Amino acid sequence: MPNNNHYNQNLKPFARSLRKESTKAEVRLWCEVLSKGKTGYTFLRQRPIGNYIADFLCKELKLVIEVDGYSHNFKTEEDLERDKEIADLGYTTLRFSDTEVMKDLPNVERVIIGWIESSQK
Numbered sequence: 001m002p003n004n005n006h007y008n009q010n011l012k013p014f015a016r017s018l019r020k021e022s023t024k025a026e027v028r029l030w031c032e033v034l035s036k037g038k039t040g041y042t043f044l045r046q047r048p049i050g051n052y053i054a055d056f057l058c059k060e061l062k063l064v065i066e067v068d069g070y071s072h073n074f075k076t077e078e079d080l081e082r083d084k085e086i087a088d089l090g091y092t093t094l095r096f097s098d099t100e101v102m103k104d105l106p107n108v109e110r111v112i113i114g115w116i117e118s119s120q121k
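Numbering-wise, the sequence shown is residues 1 to 121 according to the UniProt record's numbering.
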C-alpha cells in the first residue's frame, strides 16, 4: 500500500543539507511566518515529497510553499512540471520569489493566511 504522505526516504540526506543551507528569504519566511504553528498549522522545512523537496510543507493542509531564488527565473517549465506532480499527490503549491519575501513579507503572509482560510471553508 502506498504511503499517503508521499515521503521519499531517499531524499532525506539531501533535505537535511538544504535545511543547513537555507536562503535568507527561506529563513525569514520560516522565522516570521511559518515556524512554531504561527499560522495555526505545522509546517516542515525542506521536506521530501514524491521526487522533490518542498521548501515548506504542511501535511494537514496539503500545502507546499516554495521560495524561488534567481535561478528559478530560468526554470519555468521545470517548476510547472514539479507543481503538476505535487498536485497529482493532492498538494497545492504556493510560490513566492526571494524578493517578495524580503521586500514585502506582510503581503506574502496575507496570501498564505488567505489561502489557509479559503481552504477551510
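Think of the CB as a built atom: it goes at the ideal place given N, C-alpha and C, for glycine as much as any other residue.
All figures in this text were calculated on a predicted structure; none of them were measured in a lab.
Selection 63, 61, 45 and 38 evaluated against residue 55 yields 45 as nearest (Cα-Cα). For residue 97, same chain residues with a beta-carbon under 7 angstroms away, outside a window of 5 residues either side, are 68 in chain order. For residue 99, the enclosing alpha helix (DSSP H) stretches over residues 98–103. Residue 82 and residue 109 have their C-alpha atoms spaced approximately 23 angstroms apart.
Of the residues assessed, residue 25 falls on the buried side of the cut-off, its CB having 16 or more other CB atoms within 10 angstroms. In this structure residue 78 is exposed. Its beta-carbon is surrounded by fewer than 16 other beta-carbon atoms within 10 angstroms. Taking 8 angstroms as the upper bound for CB-CB distance, residue 65 and residue 94 are in contact here, some 5 angstroms apart.
Secondary-structure assignment with DSSP links residue 64 through a beta bridge to 57 and 93. Looking at 21, 87, 11 and 32, the one whose alpha-carbon comes closest to that of residue 107 is 32. Note on geometry: alpha-carbon atoms of residue 43 and residue 119 lie some 16 angstroms from one another. Secondary structure of residue 46 (DSSP, three-state): strand.
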